[in-house]
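Chemist: One structure coming up, written as structure tokens, with questions to follow.
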Ligand SMILES: [Fe+2]
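Residue numbers (my numbering), protein chains in the order written: chain P, 2 to 273; chain L, 298 to 607.
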């Protein structure tokens, strides 16, 4: 193959690699500017800098869009301007190394822990705790939606023998210091929730027929389901409550029948 | 590499597969010839996207179109990525695998943009070497698309069409000619889109892309969020004539309308298959909107919160 050489020699010699390192730096740190004409041609309509700015604007706008899609409730909680300020700093601290945008918000919770304004104060404020819990929860929602799991199962019914019950493959039991689930649902359904006060909350995040479900549960139900998750035995989970919480066997049985009916409907259980 | 680019089938008129249309496609089995998927959206998917894809792949030919190979990066190839790509290909059996003549980042970072490469001897050498590596690894030809570009590097010495031609000669890779991207890039970088298309190696063009864009007056952003404009249809008719017709696909990624609207827009292509007669004129509506993003993210992530059970 024959390639014609450019005779104009005023162009600064830059290697392929130098050009890419320069451009990536420009995308991630647009505030530094400079040196555009060395690398980029101007046209009759736009200067070299304006050409580059199209990429600079797109870079941050695309990643912001993605973060807004991954953290809708946190965006509501912080308000969009503050959310975007955190996002921009996060993207500088943890730029994407993944081939998929699905991972973009992976370290957002960690970043919020590292940068909380009262990090060094002895007495901590509570709102950063809420934001951190919410960020971690929202990322879990994202990963649960698409995590690998065998959904070729038989759904349990009221006729399924209790010892044949098993939890659906995507099933996360969650304990939070704030009412995270109720806040999340209110925020994504445009019910405009106010910032909540600290209050322990328990919930189950599950996937059934490839759709996510989020259900608030009582602390005792959380204990029960935790035990069930590890032992895979309803009778062991019941016995655990009887032993640990001094619950009357008959009373527990009547509660369990109600829980079971509700949870079967909500898609908690499959048949072993 | 067993398969030759010239042996790849003409699939007809296809649409980009988008989450918004999953239910419609499953319920109505629309008469679309084929679908193109964004590979990265399905490589790690173990949820609904992958479940739906498996069903669609049983009924329609599928092509895998990627955005993260970064063939034009001076970083080495990411074999972890290629492994995932190959695994998906083994599972869904696509007609071919494509990506873009672009880079997405260096130092192992991903900007998630399709960045322009400097077009000169040095980059040609490196890129053709990487294309060969990919083709050896995937054991099939790689099909590369001309991206929309918004700048030209001072150090570029080869026009893009010629770069693509050399790439093909050196590696036997195939080309995905995005006629909208030719139009967008030619406006932004002031080159002649007709000369560009006329210079391409037609026999290696495996597929074409059509899409809409946003004209901002002094530049055009490739937003994939509107109908195809007339001058792009005219370029399409030129490319159709020169290639003798090839698999053609409409991309719609922002403000995605009902399935039937996309399908109707795609079928307009039939009106432009009878030869390049019209004179090519650049004229279209201008909308000033600085917030426009190329390759909007609907393209790349699924919206989870839209589909929640309480
Ligand atoms: Fe395209």
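Beta carbons: idealized from backbone N, C-alpha and C, even for Gly.
When you compare the region 144–153 of chain P with the region 251–268 of chain P, are there three or more beta-carbon pairs, one atom per stretch, that lie closer than 8 Å?
Modeler: Taking 8 Å as the limit for Cβ pairs, the verdict is that the region 251–268 of chain P does not touch the region 144–153 of chain P.
Chemist: Under 7 Å Cβ-Cβ, which residues of chain B neighbour residue 579(L)?
Modeler: Protein chains in the displayed structure are P and L, and chain B is not among them.
Chemist: Taking 8 Å as the threshold (beta carbon to beta carbon), is residue 487(L) in contact with chain P?
Modeler: Position 190 of the second chain holds residue 487(L). At least one chain P Cβ lies under 8 Å of residue 487(L).
Chemist: For a contact defined as C-beta to C-beta under 8 Å, what are the partners of residue 345(L) on chain P?
Modeler: By 1-based counting over the second chain, the position of residue 345(L) is 48. Ordered by position in chain P, the residues that pass the 8 Å Cβ test against residue 345(L) are 146, 147, 211 and 212.
Chemist: Leaving aside the five residues before and after residue 530(L) along the sequence, list all residues of the same chain whose C-beta is less than 6 Å from its C-beta, in chain order.
Modeler: Taking the first residue of the second chain as position 1, residue 530(L) is located at position 233. Taken in chain order, the residues that qualify are 569.
Chemist: Can you determine whether any heavy atom of ligand 1 sits closer than 7 Å to the C-beta of residue 508(L), and answer yes or no?
Modeler: On the second chain, position 211 is the one that residue 508(L) refers to. Yes, ligand 1 has a heavy atom inside 7 Å of this Cβ.
Chemist: How about residue 225(P) and residue 205(P): are their beta carbons less than 8 Å apart?
Modeler: Here residue 225(P) refers to the residue found at position 224 when the first chain is read from its first residue. Here residue 205(P) refers to the residue found at position 204 when the first chain is read from its first residue. Against a cut-off of 8 Å, the Cβ pair of residue 205(P) and residue 225(P) comes out as no contact.
Chemist: Taking only beta-carbon atoms, is residue 132(P) less than 8 Å away from chain L?
Modeler: In the first chain, residue 132(P) corresponds to position 131, counting from 1. Output row for residue 132(P): interface = no.
Chemist: Against chain L, with Cβ distances strictly below 8 Å, would residue 124(P) count as a contact?
Modeler: Within the first chain, numbered from 1, the residue matching residue 124(P) stands at position 123. With 8 Å as the cut-off, residue 124(P) does not count as an interface residue toward chain L.
Chemist: Can you round the beta-carbon distance between residue 236(P) and residue 164(P) to whole angstroms, since I take them to be within the 8 Å contact cut?
Modeler: Numbered from its first residue, the first chain carries residue 236(P) at position 235. Numbered from its first residue, the first chain carries residue 164(P) at position 163. Indeed they touch by this definition, with Cβ atoms about 7 Å apart.
Chemist: Just checking: is the beta-carbon of residue 314(L) within a distance shorter than 8 Å of some beta-carbon in chain P?
Modeler: Numbered from 1 along the second chain, position 17 holds the residue referred to as residue 314(L). Output row for residue 314(L): interface = no.
Chemist: Is residue 485(L) close to ligand 1? I mean its beta-carbon at under 7 Å from any heavy atom of the ligand.
Modeler: Walking along the second chain from the start, residue 485(L) turns up at place 188. Answer for residue 485(L): no, Cβ out of range of ligand 1.
Chemist: Considering only the alpha carbon of each residue, which of 490(L), 494(L) and 481(L) lies closest to residue 515(L)?
Modeler: The residue labelled residue 515(L) in the question sits at position 218 within the second chain. Ranking 490(L), 494(L) and 481(L) by Cα distance to residue 515(L) puts 481(L) first.
Chemist: Around the Cβ of residue 416(L), are there at least 16 other Cβ atoms within 10 angstroms (buried) or fewer (exposed)?
Modeler: Counting from 1 along the second chain, the entry for residue 416(L) is found at position 119. Buried, by the Cβ-count rule.
Chemist: Using the three-state DSSP reduction, which class does residue 275(P) fall into: helix, strand or coil?
Modeler: Nothing can be reported for residue 275(P), as the shown portion of chain P is limited to 2 through 273.
Chemist: By the criterion of Cβ-Cβ separation under 7 Å, what are the contact partners of residue 420(L) in chain P?
Modeler: As a working note, residue 420(L) is residue 123 in the second chain. Those are 17, listed as they occur along chain P.
Chemist: When you measure from the CB of residue 338(L) to every non-hydrogen atom of ligand 1, does any distance come out below 7 Å?
Modeler: Translated into positions along the second chain, residue 338(L) becomes position 41. False, no ligand heavy atom lies under 7 Å from that Cβ.
Chemist: How many angstroms separate the CA atom of residue 186(P) from the CA atom of residue 133(P)?
Modeler: Mapped onto the first chain, residue 186(P) falls at position 185. Mapped onto the first chain, residue 133(P) falls at position 132. Rounded to the nearest angstrom, the two C-alpha atoms are 17 Å apart.
Chemist: Residue 503(L) lies in the beta strand (DSSP E); which residues open and close that run?
Modeler: On the second chain, residue 503(L) is found 206 positions in, with the first residue counted as 1. From DSSP, the beta strand (DSSP E) with residue 503(L) extends over 502–507.
Chemist: So, at 7 Å on beta carbons, what are the nonlocal neighbours of residue 91(P) in its own chain, with the 5 sequence-adjacent residues on each side left out?
Modeler: Translated into the one-based positions of the first chain, residue 91(P) becomes position 90. Here the set comprises 109 and 112.
Chemist: Strictly under 8 Å for the Cβ-Cβ distance: is residue 154(P) near chain L by that measure?
Modeler: Start at 1 with the first residue of the first chain, and residue 154(P) comes out as number 153. Chain L, which has no Cβ nearer than 8 Å to the Cβ of residue 154(P), makes this no.
Chemist: Counting only Cβ-Cβ distances shorter than 9 Å, please list the residues of the region 356–377 of chain L near chain P, keeping chain order.
Modeler: Cβ contacts with chain P come from 363, 364, 365, 366, 367, 369, 370, 371, 372, 375 and 377.
Chemist: Taking only runs that begin and end inside the region 108–136 of chain P, name each unbroken alpha helix (DSSP H) of 4 or more residues, in chain order.
Modeler: Counting whole runs of 4 or more residues, the region 108–136 of chain P contains the alpha helix (DSSP H) stretches 109–115.
Chemist: Between residue 331(L) and the rest of its own chain, which residues show a CB-CB distance below 6 Å, the 5 nearest in sequence each way excluded?
Modeler: Against the second chain, residue 331(L) aligns to sequence position 34. Cβ neighbours of residue 331(L) beyond the five flanking positions: 308, 311, 357 and 358.
Chemist: Report whether the distance from the Cβ of residue 457(L) to the nearest heavy atom of ligand 1 is below 7 Å.
Modeler: Along the second chain, one-based indexing puts residue 457(L) at 160. For ligand 1, not one heavy atom lies less than 7 Å from the Cβ of residue 457(L).
Chemist: Is it the case that the CB of residue 475(L) approaches a heavy atom of ligand 1 more closely than 7 Å?
Modeler: On the second chain, position 178 is the one that residue 475(L) refers to. Checking every heavy atom of ligand 1 against the Cβ of residue 475(L), one is found closer than 7 Å.
Chemist: Is there a Cβ of chain L sitting closer than 8 Å to that of residue 42(P), yes or no?
Modeler: By 1-based counting over the first chain, the position of residue 42(P) is 41. Yes, residue 42(P) lies at the interface with chain L (some Cβ there is under 8 Å from its Cβ).
Chemist: Using 10 angstroms around the beta-carbon of residue 364(L), count the other beta-carbons present and answer buried if the total reaches 16, otherwise exposed.
Modeler: What you label residue 364(L) is simply residue 67 of the second chain in a count that begins at 1. It is buried - the Cβ of residue 364(L) has at least 16 other Cβ atoms within 10 Å.
Chemist: At least one CB of chain P closer than 8 Å to the CB of residue 405(L): is that the case?
Modeler: What you label residue 405(L) is simply residue 108 of the second chain in a count that begins at 1. At least one chain P Cβ lies under 8 Å of residue 405(L).
Chemist: According to the neighbour-count rule (16 or more other Cβ atoms, all chains shown, within 10 Å of its Cβ), is residue 219(P) buried or exposed?
Modeler: For the purposes of this step, residue 219(P) is taken as residue 218 along the first chain, with counting starting at 1. That one is exposed.
Chemist: Between the region 16–29 of chain P and the region 53–63 of chain P, do at least 3 Cβ pairs fall closer than 8 Å?
Modeler: The answer is yes - the region 53–63 of chain P touches the region 16–29 of chain P, with three or more Cβ pairs under 8 Å.
Chemist: How should residue 6(P) be labelled, buried or exposed, when 16 other C-beta atoms within 10 angstroms of its C-beta is the threshold for buried?
Modeler: Start at 1 with the first residue of the first chain, and residue 6(P) comes out as number 5. Bear in mind that a pLDDT of 49 at residue 6(P), under 50, signals an unreliable position, so the number given afterwards is only what the model happens to contain. When all chains shown are included, residue 6(P) counts as exposed.
Chemist: For my contact list, residue 472(L) and residue 506(L) are in at a C-beta cut-off of 8 Å; report their separation, rounded to the angstrom.
Modeler: Your numbering for residue 472(L) matches position 175 in the second chain. Your numbering for residue 506(L) matches position 209 in the second chain. In fact, because the Cβ distance is near 11 Å, the residues do not count as touching under 8 Å.
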